[in-house]
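*Asks:* Once you've had a glance at the structure underneath, I'll fire off some questions.
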Amino acid sequence: MFRLVKPSNVKASYSLLVKETRGWILPEKRYSIPNKKLLTTFRGPKEEKKDKKWVWLASGVAVAVTTGSLFYFKNKSDLSFQWSKTKLMAAACEEELATSAARSSLHEEQIRKEHEYPEEKAVLTKAPFVPPPITRKYPVKLLVDLKVVVKELPIDDSYTYEYWTFQESVPGPMIRARVGDIMQVRLENGDESGMMHNLDFHAVLGPGGGAPLLNCASKETKTAQFRLTYPGLFIYHCAVDPVSVHISNGMFGLLLVEPEEGLEPVDVEYYVMQAEVYTEDEPISRDSRCLPQSIDKLMNEQPNYVVFNGRVGSHLENNPFKAKVGDRVRFHVGNAGPALVSSFHIIGTIFDKVWKDGSILSPPQLGLQTVMIPSGSSAMVELDVPVPGNFTLVDHSITRIEKGCVAFLSVDGEAKDPYLYCSESGPSPCPGCKIHP
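Using the numbering used here, the first residue of the sequence shown is number 1, and each one after it goes up by one.
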């Protein structure tokens, strides 16, 4: 570093200048050189070496102080952060303990209250009828009593079939409950052949949908309880191995679990289930009309019959579904399978609202023509009927009409809009037509 000083004489002289640099004392050697009354002073070689030592020493001390400061403040910051984190963790633990205690207390209170739930016997209806809507605003212990009965029933106008039934009907009875109910199921096995039976409810949370708790040997009775936690339209069926044999023999039904607020009211409700029946081509004997089951056809998924509600022609001219012009109609539709997918369609209508897969929690789809219902699933459909006449229920895999999958919705009254559906000549059904009578 250079400094300008006044000369004292013309000869070179040495003087020690003291300079303060950031608190450090550094020696300087002065050379006097005439330059218009100004002299330039600079350090000599030896002093440069000494200066370097001082500089290195100062730099080392500065680095040490800086590093120490950084380390101190960083550790102080880390310690502060760790302490804050520890306090937060302690607070979270205290909150969790309080929540757990409250949850435990609530659970105990809930159990205590559940023992006080009023008991209510479930209304069980055979297809096509639906139990009445739930009007209560509280949960109950819902008592559901089902009995397995082997019964020979008509499969068409010519033959019968030995069904394994719940309550002597195919499908089994429809059950209606409310979310939050405790469903107490009592299953009695009246099958005298020695066959075991049980129940798998698609609405039940737990292994097997409750089947392991309800395994019943012949002439045995089992009871189990299940909380209904999800609203929706659910399948139930027997799940004893082989499951396909039990389902194809008629052991299935529907359980409707209403939400707490209930369902919107409609004018008419119906219960319908599609299923396949696999039989041999000839009866057991010449004196019998009863067709035995064909395991080979079942394994190859080649049914002789695909039917609504247990038989061919269950809801044709002699026993159609009924409604009046202007009615809001709701169908609770299930597909028991055990193998085929249903393409459910009602000819001459458009489904105004559809809850696919029976999911009441999801918003309905609007304006559908055909609803695909997988095996083991369901759908809830609503429609308006603005004109009179016969509306035909089919599986739109249309060849199944020839195997019996067809039914009628008969609507009475007068059309409110005369131009909605009209012709000068009127209707002219084709002879022998199964879908346009």
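The beta carbon of each residue, even a glycine, is placed where N, CA and C say it ideally should be.
All of these numbers come straight from a predicted model, not from anything done at the bench.
Report the partner residues of lysine 113 according to the DSSP bridge assignment.
*Replies:* According to DSSP, which records beta bridges pairwise, lysine 113 is partnered with nothing at all.
*Asks:* Can you tell me which of Glu317, Leu214 and Met273 puts its alpha carbon nearest to the alpha carbon of valine 306?
*Replies:* For valine 306, the nearest C-alpha among the options comes from Met273.
*Asks:* I need the straight-line Cα distance from serine 410 to glutamate 317, nearest angstrom please.
*Replies:* If I take the Cα positions, the gap works out to 9 Å.
*Asks:* Less than 8 Å between the C-beta atoms of serine 248 and tyrosine 271, yes or no?
*Replies:* No, they are not a contact pair.
*Asks:* In whole angstroms, what is the alpha-carbon distance linking serine 362 and valine 257?
*Replies:* For serine 362 and valine 257, the distance between alpha carbons rounds to 14 Å.
*Asks:* Tell me, which residues are paired with cysteine 238 by DSSP?
*Replies:* Paired residue(s): none; cysteine 238 is not in a bridge.
*Asks:* Using 8 Å as the threshold, is the C-beta distance between leucine 298 and serine 244 below it?
*Replies:* Yes, Cβ-Cβ distance for leucine 298 and serine 244 is below 8 Å.
*Asks:* Roughly how many angstroms lie between the CA atoms of lysine 434 and isoleucine 401, to the nearest whole one?
*Replies:* Cα to Cα, the separation comes out at about 8 Å.
*Asks:* Would you call the segment 176 to 185 and the segment 328 to 338 touching, i.e. three or more CB-CB distances under 8 Å?
*Replies:* No, the segment 176 to 185 does not touch the segment 328 to 338.
*Asks:* State the start and end residues of the unbroken beta strand (DSSP E) segment that holds isoleucine 182.
*Replies:* That run of the beta strand (DSSP E) goes 182 to 189.
*Asks:* Using the Cβ count rule (16 or more neighbours within 10 Å means buried), how would you classify histidine 202?
*Replies:* By the neighbour-count rule (16 or more Cβ atoms within 10 Å), histidine 202 is buried.
*Asks:* Count Cβ pairs between the segment 133 to 141 and the segment 151 to 164 that sit closer than 8 Å; are there 3 or more?
*Replies:* No, because fewer than three Cβ pairs between the segment 133 to 141 and the segment 151 to 164 fall closer than 8 Å, the two stretches do not touch.
*Asks:* From which residue to which residue does the beta strand (DSSP E) around methionine 299 run?
*Replies:* Per DSSP, methionine 299 belongs to no beta strand (DSSP E); it is in the alpha helix (DSSP H), 295 to 299.
*Asks:* Start and end of the beta strand (DSSP E) containing valine 243?
*Replies:* Here valine 243 belongs to no beta strand (DSSP E); instead the alpha helix (DSSP H) covers 243 to 248.
*Asks:* Roughly how many angstroms separate the alpha carbons of glutamine 365 and proline 338, rounded to a whole number?
*Replies:* Going from the Cα of glutamine 365 to the Cα of proline 338 covers about 26 Å.
*Asks:* Between the Cα of leucine 153 and the Cα atoms of Gln167, Met89, Asp267 and Leu393, which residue gives the shortest distance?
*Replies:* Answer by Cα proximity: Gln167.
*Asks:* Quick one: what's glutamate 119 bridged to in DSSP?
*Replies:* Partner(s): Lys141.
*Asks:* Could you check if proline 303 is buried or exposed, using at least 16 other CB atoms within 10 Å of its CB as the buried criterion?
*Replies:* The residue is buried, with at least 16 neighbouring Cβ atoms inside 10 Å.
*Asks:* So, are the CB atoms of asparagine 189 and valine 148 less than 8 Å apart?
*Replies:* Cβ atoms of asparagine 189 and valine 148: closer than 8 Å.
*Asks:* Comparing C-alpha positions only, which one of Ser423, Pro292, Ser193 and Met372 sits nearest to aspartate 395?
*Replies:* Cα-wise, what sits closest to aspartate 395 is Met372.
*Asks:* I'd like to know whether the C-beta atoms of serine 218 and glutamate 260 end up nearer to each other than 8 Å.
*Replies:* Their beta carbons are not under 8 Å apart, which means serine 218 does not touch glutamate 260 by this criterion.
*Asks:* Just list the residues that DSSP pairs arginine 227 with in beta bridges.
*Replies:* Paired residues: Ile182.
*Asks:* Answer with buried or exposed for valine 204, where buried requires no fewer than 16 other C-beta atoms within 10 angstroms of its C-beta.
*Replies:* Under this definition valine 204 is a buried residue.
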